[in-house]
Ligand SMILES: [Zn+2]
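Numbering (our numbering), first residue to last: 1188 to 1362.
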């Protein structure tokens, strides 16, 4: 066997819950390290997911939207974490209101690399995304070094004044 030809995917990355506490998190995107509190599920209508009873859902906006229309867990009570990537414009107030309407909890954006590495993440202040790696950049966004209300001193990615993220364009799926 030639091990050199075996394709090795990237190591699973840790999932970081953006707020206080240590809730049970169902992650809908593969590639995250599983722990007692963080589990990967490709769907939430099976027995394992029901038994896990997630308090937080983490996935792309499209995945979360799909869950909402099909098999929304009634146990979600802390937050939803919305994964975005470079090609996504970022969450708008409209998107946040939509997730609030669906799940009744705040949405936190986490900006990921292609390998799910956390580039920037939103905090409880919901004012921009704290930069986690120096390479984090986003078209139409600037780096703001001003202190954040949450106390985290890391600079934040903020939409350029006048630049309005166009949102995740899920409104057409709304009933
Ligand atoms: Zn903050």
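The beta-carbon is built from N, C-alpha and C at its ideal position, and this holds for glycine as well.
What ranges does the beta strand (DSSP E) occupy inside the region 1247-1288, keeping only unbroken runs of at least 3 residues that lie completely in it? Listed in chain order, the complete beta strand (DSSP E) runs (minimum 3 residues) inside the region 1247-1288 are 1266-1271.
Go through its chain and collect everything with a Cβ distance to residue 1370's Cβ below 6 Å, but skip five positions before and after it. The question about residue 1370 has no answer here: the residues shown for the chain are numbered 1188 through 1362.
To which residues does DSSP link residue 1346 through a beta bridge? As a working note, residue 1346 is residue 159 in the chain shown. Bridge partners of residue 1346: 1328.
Is there at least one non-hydrogen atom of ligand 1 closer than 7 Å to the beta-carbon of residue 1339? The residue given as residue 1339 occupies position 152 in the chain shown. Yes, the Cβ of residue 1339 comes within 7 Å of a heavy atom of ligand 1.
Determine which residues share a DSSP beta bridge with residue 1297 and list them. Looking up residue 1297 in the chain shown gives position 110. In DSSP, residue 1297 forms a bridge with 1270 and 1308.
Check whether the Cβ atoms of residue 1245 and residue 1282 lie closer than 8 Å to each other. Along the chain shown, read from residue 1 onward, the residue named residue 1245 stands at position 58. Along the chain shown, read from residue 1 onward, the residue named residue 1282 stands at position 95. Not a contact, by the Cβ cut-off of 8 Å.
So for residue 1244, helix, strand or coil by DSSP? For this step, residue 1244 is matched to residue 57 along the chain shown. Here residue 1244 carries a strand assignment [DSSP, helix/strand/coil].
Roughly how many angstroms separate the alpha carbons of residue 1232 and residue 1258, rounded to a whole number? Residue 1232 sits at position 45 when you count from the first residue of the chain shown. Residue 1258 sits at position 71 when you count from the first residue of the chain shown. A direct Cα-to-Cα measurement between residue 1232 and residue 1258 gives close to 6 Å.
Skipping 5 residues on each side, what residues in its chain have a beta carbon closer than 6 Å to that of residue 1268? Here residue 1268 refers to the residue found at position 81 when the chain shown is read from its first residue. Once the five neighbours on either side are set aside, the close Cβ partners of residue 1268 are 1245, 1295 and 1297.
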